[in-house]
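First comes the structure, then the notes that go with it.
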Amino acid sequence: MKLIRNSRLRYQKDKSDKVYEVDLVELTSGEPSRYLVNFRYGRKGSTLREGTKTRDPVTLEQAERLFDSVVVSKVNKGYQDQNALSSYTSLQPKQPSSGFDHNTLINRIERESSPYELGRQIWRLRPEANPDVASLIANKLGSDTWQLEYAILWALGRVGSEANIDAIKPYLSHQDVRLATIALESLISLSPKSERKRIYVEASGFELISVEEFVTQVDDFIAQRTAKGSINLLLKKAYLQSVFDEEMHQSLRDVLAKIPYAPNAFQGIRYILKMSEFRLDANMFAAAYYRLEQSNPYFQRAWKYHYSPEHGRLDIENELSSPESKLAHSQHTHNYLIRRQWRVLKQLGVNESPDFVRLATQLLLQFKDSDGKKPKTSEIYEYDQNWRRHVKAVNHYDEFARYSTLNALLRSENPRYKRSDAGYVWKLSPDVVFEGRGEAFAHLWDQVPHNLLELVLGSQCEPVCDFAVRALQDNTSYTDALSGDILVGILIRPYTACQNFALPLLETYLKRHALSTKCLITLLNSDVEAAQNLALDQLDKIRDLSKSVDVLAALLLMGQPSIHKWLEERMKRTALFRSAQSELLMSLVLTLTEPHSEGNSIETFEHAEWLSEWLNLHCKDAISTLSLSQIELLILSQYSPNVLIGCEFLMAVDVEWAQIPATIFEVIENNRSQKVQSYSVALLSKQSAEELVDNLSYLLKLLLKNNLSQRQAVLKTLPATYQRGSQHRPLVFGKLVDLLHKRELDSDLQQMIIGFIRQEFERELSLNSLDEVMSLATATSTMAHDLAYDVFADSYNARQLERTLTASQWYSLAQSSTYALRALAIEQYVRTPATLLNANESPEEPEPVLTLLNSQWQDVQDFAFEFCRNQMTSEHWNPESIVAVCDNPDERVQAFGRELLQRFFDESEGKQYLLKLSQHPAANVELFVTQLLVQYAANDEGILLALKPYFVSVLSRVNRGRVAKDRVLKFLTEQADCSALVTEMVSDILVRQSLTSVQKDKAQILKAMLHLKKTNTHLDMPIKVTSPSSVISKEGAISNEGNKSKESTSSNGGDSTPEKKATERES
């Protein structure tokens, strides 16, 4: 079924909003009576009811009458046609007809008497050489009406020949600048191309300007645009000169995108706009008008004044009438020029001129997808008599609605689109369904399908590509003859319409032809999934890649992971012959070293590394035959990925260090890539083992630098030191283990070194190299600990471990920061306690168990406590050890020390315990010491004097240690009479504490001081014992003396001398 006509009608009144749709459709049968008229109706927005005016199919004539009668009857009832431009597709193909009769126009020109109307007729002449017409209009020169004169000179420049030059020359000096300007353009246009340069210089009087000078002046104007600077004349000269200077023409097109359409430049731009129309200069016409549509008006003429940041407030009317106007490009001028652009194209189309398609093509090529704006929907409201608002209409605008000429070219005949009432934007009717072609002058496009193909291949605007594809689909004879290269170019376009159009055509083409290698690579390089799949299907048909080395080489130079995966899978099923390997390798080297080769697509180091790995895997034999000169070509190309591949080849071939040219090392070292620079290290593997050992310190120093590529190169080079002789293996192994003892080693480097040791030194990772393994276990790196644990935990090594490790080595494991190693040591101590008890190899060193008690690891501490309780007796503990435990700052260890003291206390060592423990600052230990005072310090002058710091420490605690304070104070009071020295010490302590103690402690200290003073009156203490009676008498005397002073003051009437005041102050 095919839609022939459609009408959408709508009725709106008060609250009523109804829709009525009528369709004329054609059935697929070949009978004359195959047409139906259907309709749908209902409220807008609701589900429409359906019906038909034709129970049985009728002829086209009957269907059209029914269709028109239904529409007319509804219109008479108040319905409005929503798509007056409803499409009508005739059953027979229409012969295009523009309705333009050129002969009739000539007859009108001959008979027309009105100068104004005659100028309008002449302006409509077809722009093609016609001597008869030129002669006709040249005879009408000499009118007093400048518009007619201008139209004749314009037309002569387009339809005339050299014979009309004499008629034009007098106007070169015409007092009307407009006529002189168009006369100069016409003169140059009619002159032979070889003479245009000379005629321009002679007729205009302008000097030729260089492209560099022109570009410089334009750039200066853009950078420093002021009121005094103007490029209007410069632009005019440049465009006149571009008639015979193609380089100037190109430069002018390039700068148009930068020049502001504003005062001091707009007159020149307007000249270019108009004269590009005159010359039918498609490229300049498109560039200038596209830039115009992208620009905004400089000012709004709707106001009386315009404010300029440079010139302040300007009177618009006065300014525009000034010859040096500071205003240009108002919204009226802007809109006029936009309308003129379409009128130019439309007139060419009406004249059926081939220039219509040529100009339209270049204009459409200017637009890009990025020019589109966000689609917009706006609602138009109206108010009823009760001031209630109702939606009158809803307008929809797509991304390109603001581009008037673009829409006129593509959508003039499309009922889904309609020009707005103002004529500047195009509205979209989303409810209208249209599947035909909607462009203007479709028959002219059909005559030049190569222009449509140019749009399909070159446009970066999806609506333009959609239009071109639809138009091309109607020209099957042209599309069937398209080559594979062109179809591939269309298929890889990023637009769905292009892909859907090209894919079936390309599949049909492949049934008769094979794609070239270039086309295959183009398809694979595209981002279009269908193109890639088609190319892979074609590749799968190649049975033997050895016979398609050019294809294989091109595939290898592609960077897509999907291609790499396909190649890897394919090479699992086949292999390259030696001859194919060499041919492939030579092809790649030549392609990569070709200065301007398009096949050189290696852009990343990842691709270069993958290619090197692939070649080493599948072309290993051929790589070994590469000459040093061939590799040198790659490295000296200076292109970093190529240099990397060359370095990989250099590593693979059998060449000595001394044979490598110095220029290669210079290129590698000066390359900006760290990956490439690392090969200066990797190539050291070409040296002898002895030379490498001499450079071992240098290599290890490079390993410490934060350069991943360099680190990898060093580790790649190190095996060369011992692969040719194993005598250097222990040295390298030991050096690497030493590195793991460095604190500043980052985790990435630790991981690299550990991985390298696992891979290269498997033989050394056993108990046969116990010193090295223990060095790993005691290293700073925890990763090294894990490696050592793997050695110890090995089933064979686990059985040998107890007999192999010494007590001190077990002790080192017990202090490890890695839990697994500590657990090994603890298990050993549990099985064999003597291992820990005998771990102290030097009497000067502390007992190992004491160190374990002080461990920062909870599991080790818990084990040490348990071990001491269960495995150690009084034989293992001496006073120094117990005191050392008590002296520990850890409260848990202190408590355990007190526990040991109680368990293994020796009466004979009591004084030693007392003196050593008294030195501990912890409050708990000080309290514990108070228990030993009476038994081991009482009446012992030496001990008491030695304990003075202890007594001061206890009594100086603030709001803490109450029990210890009371015990010490009581003990000091009791021992104060032990000896004169002790008495003096106790006195000093009490005096000191009386001055510093808090109020709560001071009473007890004063009481102790009184007791000491009574028994030792000779002591110099800040306290004196006085009887109560003497205190009372002294207080009374002071009171009487005060009363006398008051009476004396009163009797003097309040007056007092300075001496009296002093006496009062003393009182």
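Numbering (my numbering), first residue to last: 114 to 1180.
C-beta: ideal position from N, C-alpha, C; glycine also.
None of the values given here were measured: they were computed from a predicted structure.
Exercise for the section: Give a yes or no on whether the C-beta atoms belonging to PRO283 and SER256 are separated by under 7 angstroms. Expected result: no
Problem - Rounded straight-line distance, which links the Cα of VAL138 to that of THR167 - result: Cα to Cα, THR167 sits roughly 11 angstroms from VAL138.
Handout entry: Residues that DSSP places opposite HIS503 in a beta bridge
Key = GLU495
Exercise for the section: Assign GLN1044 to one of three DSSP states: helix, strand, or coil. Expected result: helix
Practice task
Check LEU103 in the structure and name its three-state DSSP category.
Solution key: In the structure as shown, the chain starts at 114 and stops at 1180, and residue 103 therefore has no counterpart that could be examined.
Handout entry: Beta carbon of PRO170 nearer than 7 angstroms to that of LEU218
Key = no
Handout entry: Per-residue DSSP class, three states only, for SER120
Key = strand
Problem - Strand pairing of GLU139, partner residues [DSSP] - result: LYS115 and TYR148
Handout entry: Boundaries of the beta strand (DSSP E) in which ASP428 is found, first to last residue
Key = 425–428
Practice task
Assign GLN413 to buried or exposed, taking buried as 16 or more other Cβ atoms, counted over all protein chains shown, within 10 Å of its Cβ.
Solution key: exposed
Practice task
Starting from ARG233, follow the alpha helix (DSSP H) in both directions and report where the run begins and ends.
Solution key: It spans 228–236 - the alpha helix (DSSP H) in which ARG233 sits, taken as one unbroken run.
Practice task
Could you tell me whether the Cβ atoms of GLY602 and TYR622 are closer together than 7 angstroms?
Solution key: No; because the gap between Cβ atoms is not below 7 angstroms, this pair is not in contact.
Handout entry: Contact the segment 1037–1052 vs the segment 1082–1099: 3+ CB pairs below 8 angstroms
Key = yes
Handout entry: Boundaries of the beta strand (DSSP E) in which THR165 is found, first to last residue
Key = Where THR165 is concerned, the enclosing beta strand (DSSP E) starts and stops at 162–165.
Problem - Closest residue to HIS215 among GLN195, ASN243 and SER226 (Cα-Cα distance) - result: Selected option, being the one with the closest Cα: ASN243.
Exercise for the section: In angstroms with no decimal places, state the Cα-to-Cα distance between ASN119 and VAL135. Expected result: Rounded to whole angstroms, ASN119 to VAL135 spans 6 angstroms at the Cα level.
Exercise for the section: Go ahead and label SER129 buried or exposed: buried means 16 or more other beta carbons lie within 10 angstroms of its beta carbon, across all protein chains shown. Expected result: exposed
Problem - CB contact flag (TYR560, THR518, <7 angstroms) - result: Note that residue 560 corresponds to Gln in the displayed sequence, not to Tyr. Not in contact: GLN560 and THR518 (Cβ atoms no closer than 7 angstroms).
Exercise for the section: Specify, as a first and last residue, the run of the alpha helix (DSSP H) that TYR313 falls within. Expected result: 309–317
Exercise for the section: For VAL504, count neighbouring Cβ atoms within 10 angstroms of its own Cβ and tell me buried if that reaches 16, exposed if not. Expected result: That one is exposed.
Practice task
Alpha carbon to alpha carbon, how far is THR630 from ALA514? Give it in angstroms, no decimals.
Solution key: 43 angstroms
Handout entry: For GLY485, the nearest candidate out of SER810, MET887 and TYR516 (CA to CA)
Key = TYR516
Practice task
Kindly indicate the opening and closing residues of the beta strand (DSSP E) around SER421.
Solution key: 418–421
Problem - Separation of ASN377 from PHE238, as counted between CA atoms - result: The amino acid at residue 238 is misidentified as Phe; the sequence shows Leu. Near 34 angstroms, if we compare the C-alpha coordinates of ASN377 and LEU238.
Problem - Cα-Cα separation, SER434 to TYR420 - result: Approximately 17 angstroms, taken between the alpha carbons.
Practice task
Look at SER695 and ALA667 and say whether their C-beta atoms are less than 7 angstroms apart.
Solution key: Cβ atoms of SER695 and ALA667: not closer than 7 angstroms.
Exercise for the section: Provide the residue span of the alpha helix (DSSP H) that contains TYR811, from first to last. Expected result: 809–816
Problem - Straight-line Cα distance separating LYS481 from GLY232 - result: Distance between the alpha carbons of GLY232 and LYS481: 38 angstroms.
Practice task
Determine, using beta carbons only, whether GLU230 and GLY270 come nearer to each other than 7 angstroms.
Solution key: no
Practice task
Kindly list the residues whose CB is nearer than 6 angstroms to the CB of ASN92, restricted to its own chain and excluding five residues on each side of it in sequence; keep chain order.
Solution key: The structure shown does not extend to residue 92, since the chain is modelled only from 114 to 1180, so the question has no answer here.
Exercise for the section: Identify whether SER443 lies in helix, strand or coil by the three-state DSSP scheme. Expected result: DSSP places SER443 in the strand class (E or B) of the three-state scheme.
Practice task
Within 10 angstroms of the Cβ of ILE995, are there 16 or more other Cβ atoms? Answer buried if so, exposed if not.
Solution key: buried
Problem - Inter-residue Cα distance where the pair is LEU730 and LYS685 - result: 11 angstroms
Problem - Length of the line joining the Cα atoms of LEU817 and LYS829 - result: 15 angstroms
Practice task
Would you mind working out which of SER364, LEU797 and LEU628 sits nearest ALA833, comparing C-alpha positions?
Solution key: LEU797
Exercise for the section: Check the Cβ-Cβ distances between GLN1106 and every residue of chain C, and say whether any is below 7 angstroms. Expected result: Judged by its chain identifiers, the structure shown contains no chain C, having just a single protein chain.
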